[in-house]
Amino acid sequence: EFVATSKVHVLELGNFSAKARYQPGYTPDVAAPSITITLYKVNGSSLEQLACTYNNAMVMSYRAGVEPGTAYKVRMTLNDTAPNISTFDVCITTPQDLCNLDIVNGGFERPEANFGLANFYPQNIVPGWRTNAIEDPTSSLYNEFFFGNATGIDGYMPYEGGQVIQVLSPDSGVTTPDNVRGVYQDLDSSEITQFKYSYAHAARGNATVLELFAGPPSGPFVLLEEHPGTLLWNFYEGTYNVPAGQNVTRFVFRS
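Written out as structure tokens, the structure is:
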């Protein structure tokens, strides 16, 4: 339970005791938990459900907006029938600029990756982002994030900050407007008419293309950007106009 001190707060889960498969201390007995976060407003002796998310983060604004001085409760639900002993921290912060909200973990700085070439982290311990690059959710590395860091050991340095991820290609090259798979994040667009986006992209080879799509989670998606990769970083930016009635907008990066 917490009392809001601002009109906007950001909640993140982090510091999971579950480890990446190649991290020191990894054991399959401590699995990365799949968690649903649910936000409730305390109304006397009752609770009013405001929103729920599935990506270890919640931006409390718009439909999930909070009121300063009001009490709220947050529930974390394990999406599994088997017990899970992984521990984690719950952190609630306040954005510096309430009128300029950024995407959660936009620079892929969390979790902090180790040194080396084996930085495959399960998506269930990453805040903000998810991947559905392949149809089988139980498949190993394609449901994880490969992090690179400022050591440059994997051949490139981050555009900014200390970390990057490698976007893995889906299992099929066939893409339809209703079935675009890749690295994605869902954003509340219930009160938004336009998003401004920007990102940087570099490639490990010249035969790759990075695409950015946007649309409702169930589709159809529209292609916003498509650029061939180069060995040097390139910066792209643009706008996406939200269709009327699209309360949730998914941005998908696809290689």
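When you read off a place in the sequence shown, starting at 1, and then add 16, the result is the number in my numbering.
Idealized CB from N, CA, C, for every residue including glycine.
Put simply, the backbone Cα of Y70 is about 8 Å away from that of S50.
For T103, same chain residues with a beta-carbon under 6 Å away, outside a window of 5 residues either side, are S33 in chain order.
Considering only E28, L94, F18, the residue with the shortest C-alpha distance to A47 is L94. By DSSP's assignment, K212 forms a beta bridge with T255. If one requires a minimum length of 4 residues, no alpha helix (DSSP H) run lies completely within the stretch 81-143. M74: member of the beta strand (DSSP E) spanning 73-76, first to last residue. Comparing alpha carbon positions, the residue from G231, A223, Y252, P233 closest to P244 is A223.
Closest by C-alpha distance to G177, out of E125, R146, F237, Q201, is E125. Under the Cβ criterion (8 Å, minimum of three pairs), the stretch 196-210 counts as touching the stretch 136-149.
Under the three-state reduction of DSSP output, Y175 falls in the coil class, being neither helix nor strand. Annotation: T191 is outside any beta strand (DSSP E) and is labelled neither H nor E by DSSP.
Just so you know, the alpha carbons of P138 and F237 end up roughly 26 Å apart. A straight line joining the alpha-carbon of I208 with that of S62 spans about 30 Å. Put simply, the stretch 111-127 does not touch the stretch 82-92. Fewer than three CB pairs are less than 8 Å apart.
In this structure E160 is buried. Its beta-carbon is surrounded by 16 or more other beta-carbon atoms within 10 angstroms. The beta carbon of A73 sits closer than 6 Å to the beta carbons of E28, V120, P143, G144 from its chain, once the five residues preceding and following it are set aside; these are given in chain order. Within its own chain, the residues whose Cβ lies closer than 7 Å to the Cβ of L240, once the five positions on either side in sequence are excluded, are L228, F229, A230, G254, Y256, listed in chain order.
About 16 Å separates the beta carbon of D202 from that of R270, a gap too long to meet the 8 Å contact definition. With a contact defined as Cβ atoms closer than 8 Å, V24 and S77 qualify at about 5 Å.
Looking only at Y172, D96, A98, the smallest Cα-Cα distance to G132 is reached by Y172. Inclusion of V90 and L55 in the CB contact set at 8 Å is warranted, their separation being smaller than that value. Using a 10 angstroms sphere on the CB of S205, the tally of other CB atoms reaches 16 or more, which defines it as buried.
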